[in-house]
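Novice: Got a structure for you, questions after.
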Amino acid sequence: MGKQVLIIGAGASGMTAAIHAARAGADVTILEHKDRAGKKILSTGNGRCNFTNLNQNDACYRCGVPGFPMGIVARFPVKDTLDFFSELGILAKDRNGYVYPNSDQASSVLEALLQELEHLSVKVQYQCGISRVTKKEGRFLISSDKGQYRGDALILAAGSKAAPVTGSDGSGYGLAAAFGHRIITPLPALVQLRCRERHYKKLAGVRSDGEIRLYVDGKPAASDAGELQLTDYGISGIPTFQVSRYASVALHRKQKVTAVINFLPSMSLAESREMMEKRLDLMRERNCRQFMNGLLNSKLSGVLLELAEIPEKQPVKSITESQKNRLFQMITSYETQITASNPYENAQVCCGGVDVRQVHRETLESKLVRGLYFCGEILDVDGICGGYNLQWAWSSGFMAGRQAAG
Ligand SMILES: Cc1cc2nc3c(=O)[nH]c(=O)nc-3n(C[C@H](O)[C@H](O)[C@H](O)COP(=O)(O)OP(=O)(O)OC[C@H]3O[C@@H](n4cnc5c(N)ncnc54)[C@H](O)[C@@H]3O)c2cc1C
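Pasting the structure below:
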């Protein structure tokens, strides 16, 4: 008889851990407080599940101990992820390194995991409200409204606080803390940012290429470029998501956070300036609204002209040097003050979580409690957008499952 392994959480990492523990001969039970498994998987990649990324390096993962995530990912790398899912029937599709199931359906990834759990006779107890988790005489004891469960090893795979409707409501942190684990304050990451200025109401729905540079107390903190989305309260889109965790942390520390956006990111500043000068010359006989036509989104152009204090009807030939400089500044270095990130409900992941300094980097076993393991988002690891958070779930799930099974 193999080891009895208990897993709390039937998300991406918990199911992966269960599969690898069962394949290694363990008798596995997953306890899940929702009525179904993998709810978060269903919302990934806009329902298409960007389940990994072919490009992997340390910079793709953020963690209190740099290098910790890649140490685990290197032991269950992308190739293993692709083989793992291929064996479960998932044909992978590569879009510039971003990998999706060929079905373009996140539900097929979830279904494949569930089929394998069934095949391996892993028991899953749904709607299981856990009241207490302890360790006595070398064994873990879980008290729940479905009864008591005992195991030789316990894996905490309860996710973070991001997207609580999926079941990831932060209660896992309490279970880890009850074993003495330090929790680094979880904060929304991969999330929209709210801005102070009033003119966002006029910008709702605008999409524009942009490079966003985030400053904390005036110092550069992060940057990214791509398609920005402007909303009636602030900024969204992938570049915003990529820098958002730095904004969340700084705002939590009561620091001042500003973002500077270049709406012409494909050109150097000198090239943008040259293009503008030529355009001003070419359009001398038009007005300023007409000058902006075709350069940037029309709603965005209107707001930038207003901020540069240039009336739309003003003839281009009468533009003063200082108006020209202000407009150039607005287009290439538009500054906005970040007041908050959106809440956990809107976040894809959290930064923070179980401090990895109290977790063995080779095995994901707790340094405080033997037989206790962690995987997935509950740990203080967050990936950038692009399939990295799920890769972390698969790699850390593999490691915790294998190790827990002994
Ligand atoms: C909208 C959205 C889109 C995303 N898109 C992508 C993407 O395309 N690519 C990518 O790589 N990542 C994406 N992510 C992130 C990715 O989904 C997560 O990082 C990943 O699912 C985390 O897996 P996990 O197992 O750690 O946690 P979860 O998937 O959150 O699973 C945790 C499980 O534990 C259960 N649980 C929690 N507490 C308890 C408790 N006390 N008792 C019992 N059960 C409990 C929960 O109900 C849940 O089933 C996205 C996230 C969201 C919200």
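Residue numbering for the sequence shown follows my numbering, beginning at 14 and increasing consecutively. Yeah, the Cβ is synthetic: ideal placement off N, Cα and C, and Gly gets one too.
1) Between the alpha carbons of A34 and Q69, how many angstroms are there, rounded?
2) Have a look at the DSSP bridge pairing and note the partners of L154.
3) Which value, in whole angstroms, describes the spacing of the CA atoms of M343 and I397?
4) Please find out if some non-hydrogen atom of ligand 1 comes closer than 7 Å to the beta-carbon of N115.
5) Counting pairs of beta carbons, one from the stretch 23-42 and one from the stretch 400-407, are three or more of them closer than 8 Å?
6) Can you name the residues that DSSP bridges to E378?
7) For a test of your reading of the model: does the CB of Q255 fall under 7 Å from any non-hydrogen atom of ligand 1? Yes or no.
8) Considering A234, what are the terminal residues of the beta strand (DSSP E) in which it resides?
9) In chain order, what residues of the same chain lie with their CB nearer than 7 Å to the CB of S120, ignoring the 5 residues before and after it?
10) Which runs of the beta strand (DSSP E), 3 residues or longer, sit entirely within the stretch 258-338?
11) If you drop the 5 nearest sequence neighbours on each side, which residues of the same chain put their C-beta closer than 8 Å to that of N66?
12) Would the stretch 45-65 and the stretch 169-185 be scored as touching if the rule is three or more Cβ pairs under 8 Å?
13) Apply the 10 Å Cβ neighbour rule to R258 and answer buried if 16 or more other Cβ atoms are within range, or exposed otherwise.
14) List the residues that DSSP assigns as beta-bridge partners of D222.
15) Quick one: residues in its chain with C-beta nearer than 6 Å to the C-beta of Q140, no 5 flanking neighbours on either side, listed in chain order?
16) Which stretch, first to last residue, makes up the alpha helix (DSSP H) that contains A39?
17) When DSSP labels each residue in this structure, what does E124 get in the three-state scheme?
18) May I ask you to report which of helix, strand or coil DSSP gives I248?
19) Using the three-state DSSP reduction, which class does Y357 fall into: helix, strand or coil?
20) Check whether the Cβ atoms of I225 and P201 lie closer than 8 Å to each other.
21) What residues in its chain sit with their C-beta under 6 Å from that of K326, if we drop five residues either side in the sequence?
22) Excluding the 5 residues flanking S261 on each side, which residues of the same chain have their C-beta closer than 8 Å to its C-beta?
23) Can you tell which of L241, I197, E129, L282 has its C-alpha closest to the C-alpha of A217?
24) Is it true that the CB of L313 sits closer than 8 Å to the CB of S221?
25) Answer yes or no: the CB of A171 versus the heavy atoms of ligand 1, is any distance below 7 Å?
26) Under 8 Å, with one C-beta from each stretch per pair, do the stretch 145-155 and the stretch 96-105 reach the 3-pair mark?
27) Determine the extent of the alpha helix (DSSP H) in which A202 is found, giving its start and end residues.
28) Just how far apart, CA to CA, sit G77 and S184?
29) Are the Cβ atoms of A50 and L127 separated by less than 8 Å?
30) Would you kindly work out how many angstroms separate the C-alpha atoms of I196 and Q303, rounded to a whole number?
31) For Q255, which three-state DSSP category applies?
32) In angstroms with no decimal places, state the Cα-to-Cα distance between H265 and T198.
33) If you draw a straight line from the alpha carbon of L381 to that of G160, how long is it in whole angstroms?
34) Judging by CA-CA distance, which residue of V41, S311, E334, V270 is the nearest neighbour of E129?
35) Report yes or no: do the stretch 314-322 and the stretch 160-171 share at least 3 C-beta pairs separated by less than 8 Å?
36) Using only the alpha-carbon positions, how far apart do N306 and R292 sit?
Specialist: This is what the structure holds:
1) 25 Å
2) T147, R163
3) 28 Å
4) no
5) yes
6) Y386
7) no
8) 232-243
9) L55
10) 270-275
11) C73, V91, G110, Y111, V112, G399, G400, Y401, Q404
12) yes
13) buried
14) E240
15) D48
16) That residue, A39, is in no alpha helix (DSSP H); it is neither H nor E in DSSP.
17) helix
18) strand
19) helix
20) no
21) N300
22) L200, P201, A202, V204, S354, C364
23) L241
24) yes
25) yes
26) no
27) First-last for A202: 196-202, but that is the beta strand (DSSP E), not the alpha helix (DSSP H).
28) 21 Å
29) yes
30) 55 Å
31) helix
32) 9 Å
33) 27 Å
34) V41
35) no
36) 11 Å
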